[in-house]
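To start, the structure itself, in structure tokens.
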Amino acid sequence: MASHTPRAVSPISMVRVARPSTVDLITAELRKAIFTGALPVGSPIGEVEMSSQLGVSRSPLRESTQRLVQEGLLTASPGRGMRVSVIGPEHVADVYDARLAIEGQAVRLIVKSGSVSAIHNLERAYAELVEASAGTDARTIGDADIEFHRLLVDSAGSRRLSHYMATLAIETRIASLSDPNGYTVRRSVSETYRTLLDALTAGDVLAAFVALERQFAEAIARLTGRDENVETVETPADEEPPAIGPIEFVEEV
Numbered sequence: 083m084a085s086h087t088p089r090a091v092s093p094i095s096m097v098r099v100a101r102p103s104t105v106d107l108i109t110a111e112l113r114k115a116i117f118t119g120a121l122p123v124g125s126p127i128g129e130v131e132m133s134s135q136l137g138v139s140r141s142p143l144r145e146s147t148q149r150l151v152q153e154g155l156l157t158a159s160p161g162r163g164m165r166v167s168v169i170g171p172e173h174v175a176d177v178y179d180a181r182l183a184i185e186g187q188a189v190r191l192i193v194k195s196g197s198v199s200a201i202h203n204l205e206r207a208y209a210e211l212v213e214a215s216a217g218t219d220a221r222t223i224g225d226a227d228i229e230f231h232r233l234l235v236d237s238a239g240s241r242r243l244s245h246y247m248a249t250l251a252i253e254t255r256i257a258s259l260s261d262p263n264g265y266t267v268r269r270s271v272s273e274t275y276r277t278l279l280d281a282l283t284a285g286d287v288l289a290a291f292v293a294l295e296r297q298f299a300e301a302i303a304r305l306t307g308r309d310e311n312v313e314t315v316e317t318p319a320d321e322e323p324p325a326i327g328p329i330e331f332v333e334e335v
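Number 218 in my numbering belongs to position 136 of the sequence shown; there are no gaps in the numbering.
So this is what it looks like as structure tokens:
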């Protein structure tokens, strides 16, 4: 009777999932703080105070702030240190020009893919924007608006487009927060959203792009004070911003 030598069983190869570094966590927290207004536009970034608030050392904080300077979310000035960037009326059009380039390409990719689920998800995000706009909370309306556009870009399936849009979304928020009268958003939902969705459903790239272009032109006019006829919802400039808490580190097991 022939004997059989047991075959060696190869150990299962486990790929370790990359965990975010301390610098990554700090950078994400600072981006969030700028977006929510916890770090007001134009406010200084003091290393000692900020490292204490976040519960981190100054070295990774310094590296994180340098990343945000490169992204344009923080501004470094000789002798004045770092501050949260301010985007005044003269720079608003540039932000939206960049958004049109990114979101216009996203539209092309969505139409090319013929993704029904992408349009379904955008319809849901649109419904949430309409619902939020029926209320009086400026930040809720603004968040729903930006979420729609983030989803539009994410639906294109391009990691780089989504990466660029993440920064542009924060710059858009900074532009609104830079208004000396306080954070202000449009109360009614522009009809260009419906036009955009209908164009995507029909696979009409040009009509979708034109809808975006018109929508952004309306936003630029409002943010630069050239259109005062649109009804808006405002968050008072003296409203207390959200607090910044320490970063929660998850222990590796």
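Just so it is clear, CB atoms sit at the ideal spot from N, CA and C, and this is done for glycine as well.
The segment 261 to 274 in contact with the segment 308 to 318 per 3-pair CB rule at 8 angstroms: yes
So what's Ser159 in DSSP terms, helix, strand or just coil? Start at 1 with the first residue of the sequence shown, and residue 159 comes out as number 77. In the structure shown, Ser159 sits in a strand (DSSP, three-state: E or B).
Check whether Ile201 and Val235 have beta carbons under 8 angstroms apart: Within the sequence shown, residue 201 is the residue found at index 119, counting from 1. Within the sequence shown, residue 235 is the residue found at index 153, counting from 1. No, the pair does not count as a contact, with Cβ atoms beyond the cut-off.
Alpha-carbon spacing of Arg113 relative to Arg206, whole angstroms: The count along the sequence shown starts at 1 and reaches residue 113 at position 31. The count along the sequence shown starts at 1 and reaches residue 206 at position 124. One C-alpha to the other measures close to 26 angstroms.
According to the Cβ coordinates, are Thr266 and Glu330 closer than 8 angstroms? On the sequence shown, position 184 is the one that residue 266 refers to. On the sequence shown, position 248 is the one that residue 330 refers to. Cβ atoms of Thr266 and Glu330: not closer than 8 angstroms.
In whole angstroms, what is the alpha-carbon distance linking Gly128 and Met164? Within the sequence shown, numbered from 1, the residue matching residue 128 stands at position 46. Within the sequence shown, numbered from 1, the residue matching residue 164 stands at position 82. So the alpha carbons of these two residues sit roughly 8 angstroms apart.
Can you pull the DSSP bridge partners for Val198? Start at 1 with the first residue of the sequence shown, and residue 198 comes out as number 116. Paired residues: none, contrary to the question.
Rounding to the nearest angstrom, what Cα-Cα distance links Thr222 and Thr109 in this structure? Reading the sequence shown from its first residue, position 140 is the one you call residue 222. Reading the sequence shown from its first residue, position 27 is the one you call residue 109. If you take the alpha carbons of Thr222 and Thr109, they lie about 24 angstroms apart.
Report the option in Arg276, Ala301, Ala115 whose CA atom is closest to the CA atom of Ala289. To locate residue 289, count along the sequence shown from 1; it is residue 207. Taking Ala289 as reference, the option from Arg276, Ala301, Ala115 with the minimal CA-CA separation is Arg276.
Through-space distance from Thr104 to Ala140, alpha-carbon basis: Stepping through the sequence shown from its first residue, residue 140 is reached at position 58. Stepping through the sequence shown from its first residue, residue 104 is reached at position 22. According to the sequence provided, residue 140 is Arg. The question's Ala does not apply to it. In a straight line, the C-alpha of Arg140 is about 11 angstroms away from that of Thr104.
Taking Cβ positions, are Gln187 and Leu259 nearer each other than 8 angstroms? Working through the sequence shown from its first residue, we reach residue 187 at position 105. Working through the sequence shown from its first residue, we reach residue 259 at position 177. Contact flag unset, no.
I'd like to check one pair, Leu107 with Pro328: are the Cβ atoms closer than 8 angstroms? Position 246 of the sequence shown holds residue 328. Position 25 of the sequence shown holds residue 107. The criterion of a C-beta distance shorter than 8 angstroms is not satisfied by Pro328 and Leu107.
Nearest to Asp261 by alpha carbon, out of Pro171, Arg241, Arg144, Ser159? Here residue 261 is taken as the residue at index 179 of the sequence shown, counted from 1. If we check each option's Cα against that of Asp261, Pro171 comes out closest.
Tyr178 and Ala301 - do their beta-carbons sit closer together than 8 angstroms? Translated into the one-based positions of the sequence shown, residue 301 becomes position 219. Translated into the one-based positions of the sequence shown, residue 178 becomes position 96. Judged by their CB atoms, Ala301 and Tyr178 are nearer to each other than the 8 angstroms cut-off.
Note down the Cα distance separating Pro102 from His231, rounded to an integer number of angstroms. As a first step, residue 102 must be located in the sequence shown, where it is residue number 20. As a first step, residue 231 must be located in the sequence shown, where it is residue number 149. Going from the Cα of Pro102 to the Cα of His231 covers about 26 angstroms.
Which value, in whole angstroms, describes the spacing of the CA atoms of Glu322 and Ser199? The residue labelled residue 322 in the question sits at position 240 within the sequence shown. The residue labelled residue 199 in the question sits at position 117 within the sequence shown. Whole-angstrom Cα-Cα distance: 40 angstroms.
Based on the DSSP output, what are the partners of Thr218 in its beta bridges? Counting from 1 along the sequence shown, the entry for residue 218 is found at position 136. In DSSP, Thr218 forms no bridge with anything.
According to DSSP, is Pro324 helix, strand or coil? For the purposes of this step, residue 324 is taken as residue 242 along the sequence shown, with counting starting at 1. It is coil, neither helix nor strand.
Take Ala214 and list the residues in its own chain whose beta-carbon comes closer than 7 angstroms to its own, dropping the five residues that flank it on each side. In the sequence shown, the residue the question calls residue 214 occupies position 132. The answer, listed in chain order, is Thr222, Ile223, Ala226.
Just mark Ser159 as buried or exposed, buried being the case when its beta carbon has 16 or more other beta carbons within 10 Å. Taking the sequence shown and counting its residues from 1, one reaches residue 159 at position 77. By the neighbour-count rule (16 or more Cβ atoms within 10 Å), Ser159 is not buried but exposed.
Inter-residue spacing [alpha-carbon to alpha-carbon] between Leu143 and Ala216: The residue you call residue 143 lines up with position 61 of the sequence shown. The residue you call residue 216 lines up with position 134 of the sequence shown. So the alpha carbons of these two residues sit roughly 40 angstroms apart.
Using the C-alpha atoms, what's the distance from Ile252 back to His245? Translated into the one-based positions of the sequence shown, residue 245 becomes position 163. Translated into the one-based positions of the sequence shown, residue 252 becomes position 170. Between His245 and Ile252, the C-alpha separation is close to 12 angstroms.
Could you check if Ser195 is buried or exposed, using at least 16 other CB atoms within 10 Å of its CB as the buried criterion? For the purposes of this step, residue 195 is taken as residue 113 along the sequence shown, with counting starting at 1. Exposed is the label assigned to Ser195, since fewer than 16 other Cβ atoms lie within 10 Å of its Cβ.
Helix, strand or coil for Thr317? Go by DSSP, reduced to three states. By one-based count along the sequence shown, residue 317 stands at place 235. Shown here, Thr317 sits in a strand according to DSSP, grouped into three states.
Using only the alpha-carbon positions, how far apart do Phe298 and Glu229 sit? By one-based count along the sequence shown, residue 298 stands at place 216. By one-based count along the sequence shown, residue 229 stands at place 147. When rounded, the distance between both Cα atoms is 15 angstroms.
List the residues that DSSP assigns as beta-bridge partners of Thr266. Your numbering for residue 266 matches position 184 in the sequence shown. The beta-bridge partner set that DSSP reports for Thr266 consists of Glu316.
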